[in-house]
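Below is one structure, written out as structure tokens; the observations come after it.
There are 2 protein chains.
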Amino acid sequence: MDKKLQENMPIYVQIMNRVREAVAAGELKPGDRVAPVREMAQDFEVNPNTMQRALNELEREGLLVSERTAGRFVTEDKELISRLRSEMAVDTVDAFRREMAALGYSDEEMMEFFRKRCEVTGSGALTLERIG
Amino acid sequence: MDKKLQENMPIYVQIMNRVREAVAAGELKPGDRVAPVREMAQDFEVNPNTMQRALNELEREGLLVSERTAGRFVTEDKELISRLRSEMAVDTVDAFRREMAALGYSDEEMMEFFRKRCEVTGSGALTLERIG
DNA sequence: ATTATTGTACTAATTAAATAATACAATAAT
DNA sequence: ATTATTGTATTATTTAATTAGTACAATAAT
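Sequences listed follow chains A and B, in order.
60 is the number of the first residue of the first sequence in my numbering; add one for each residue after it.
60 is the number of the first residue of the second sequence in my numbering; add one for each residue after it.
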């Protein structure tokens, strides 16, 4: 789970998305304990209040559960997690199609553009370029 | 060019993107006159100041030019426009791959997911669903 | 020449996000 | 029992985006 945040979206929302992704991708597994609020705040270089806001909302979603002083954990509900992953993927694909369509690309052209882009840049090149 | 705006990104940035897309897609052509600031502000249901901020920045980018009292126009620089379109498409594809990769999808799986999603929803279904 | 339309500039007020600084509550560890 | 660690709550401050309101400047239209 990468920590550098972008601009133009509330930090707490960005954090929520990062955690959602980490859980959806299986980087954080059901029942896994996550770091304490204060520690996560340091990791992400944000204020503890901001981190708590993000974590609280993720709890409302059922993705995390807090057990008072034992810490905070990823839900055991694997069904919920796999549903989350699917929904996020659908949203991502739809957002992609919508944006490319807005630029005047047909579904076929998108496909072709995607394929070409995969050839040019390997699989690993993107993350570092974009986030760093 | 659709007008409804989303949350979580500064409105003026969202407006900039909408205009960029409209120009890149050829919906606004080189030399086209755009509506006056005040009118656009009403169309987008934002404050005139906010609209002007967006338009000003688009001018700094060279995409728009203002001619004092005659109004504001799309640049005649077609080279600039086609370059913009390419860059936006690349950014969009890269963002897509990055997000899907974060969810644990390989390039091949993304491709397959994309294809399936295109089958399920036609080409037109997305815009209304998402933006409305 | 006058007027209306256009872009531009400026100051103030509002709102939400983020930070800062503490304090409290519950419990696992000792 | 005590202590340290954890989540939680609260209040104030700061910062940036947005709105509000107004005024000015240039010029096309009349």
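Every residue gets a Cβ at the ideal spot worked out from N, C-alpha and C, and that includes glycine.
Subject >> Residue burial classification, residue 82 of chain A (beta-carbon count within 10 angstroms, cutoff 16) >> reply: Start at 1 with the first residue of the first sequence, and residue 82 of chain A comes out as number 23. That one is buried.
Original post:
Near residue 112 of chain A, what residues of its chain come up, given a Cβ to Cβ distance below 8 Å and the 5 sequence neighbours on each side ignored?
Top reply: Position 53 of the first sequence, counting from 1, holds the residue named residue 112 of chain A. So the list reads 71, once near-sequence residues are dropped.
**OP:** Specify, as a first and last residue, the run of the alpha helix (DSSP H) that residue 114 of chain B falls within.
**Re:** Within the second sequence, residue 114 of chain B is the residue found at index 55, counting from 1. 107–119 is the span of the alpha helix (DSSP H), which, as asked, contains residue 114 of chain B.
Original post:
According to DSSP, is residue 142 of chain B helix, strand or coil?
Top reply: The residue you call residue 142 of chain B lines up with position 83 of the second sequence. In this structure, residue 142 of chain B counts as helix in the three-state DSSP scheme.
Original post:
Going by C-alpha distance, which of A:90, A:162 and A:77 is nearest residue 140 of chain B?
Top reply: Residue mapping note: residue 140 of chain B aligns to position 81 of the second sequence, counting from 1. Selected option, being the one with the closest Cα: A:162.
Original post:
Quick one: what does DSSP say residue 127 of chain A is sitting in, helix, strand or coil?
Top reply: Position 68 of the first sequence holds residue 127 of chain A. Reduced to three states, the DSSP call for residue 127 of chain A is coil.
Subject >> DSSP beta-bridge partners of residue 155 of chain A >> reply: Reading the first sequence from its first residue, position 96 is the one you call residue 155 of chain A. Secondary-structure assignment with DSSP links residue 155 of chain A through no beta bridge to anything.
Original post:
Among all the DSSP beta bridges, which residues are the ones paired with residue 92 of chain A?
Top reply: For the purposes of this step, residue 92 of chain A is taken as residue 33 along the first sequence, with counting starting at 1. According to DSSP, residue 92 of chain A bridges with A:132.
Original post:
Hey, is residue 164 of chain A's beta-carbon within less than 8 Å of any beta-carbon in chain B?
Top reply: In the first sequence, residue 164 of chain A corresponds to position 105, counting from 1. With a threshold of 8 Å between beta carbons, residue 164 of chain A makes contact with chain B.
Subject >> Contact list for the stretch 144–157 of chain B against chain A, Cβ threshold 8 Å >> reply: Per Cβ criterion, the list reads 144, 147, 148, 149, 151, 152, 153, 154, 155, 156 and 157.
Subject >> Residues near residue 117 of chain A by beta carbon distance below 8 Å, same chain, minus five either side >> reply: Translated into the one-based positions of the first sequence, residue 117 of chain A becomes position 58. For residue 117 of chain A, same chain residues with a beta-carbon under 8 Å away, outside a window of 5 residues either side, are 75, 78, 79 and 123 in chain order.
**OP:** State yes or no: is the beta carbon of residue 132 of chain A nearer than 8 Å to at least one beta carbon in chain B?
**Re:** Your numbering for residue 132 of chain A matches position 73 in the first sequence. With its beta carbon at least 8 Å from every one in chain B, residue 132 of chain A lies outside the interface.
Subject >> Unbroken alpha helix (DSSP H) run spanning residue 83 of chain A, endpoints >> reply: By one-based count along the first sequence, residue 83 of chain A stands at place 24. Element bounds for residue 83 of chain A: 70–83.
**OP:** Taking all protein chains shown into account, decide if residue 100 of chain B is buried (16 or more other Cβ within 10 angstroms of its Cβ) or exposed.
**Re:** The count along the second sequence starts at 1 and reaches residue 100 of chain B at position 41. When all chains shown are included, residue 100 of chain B counts as buried.
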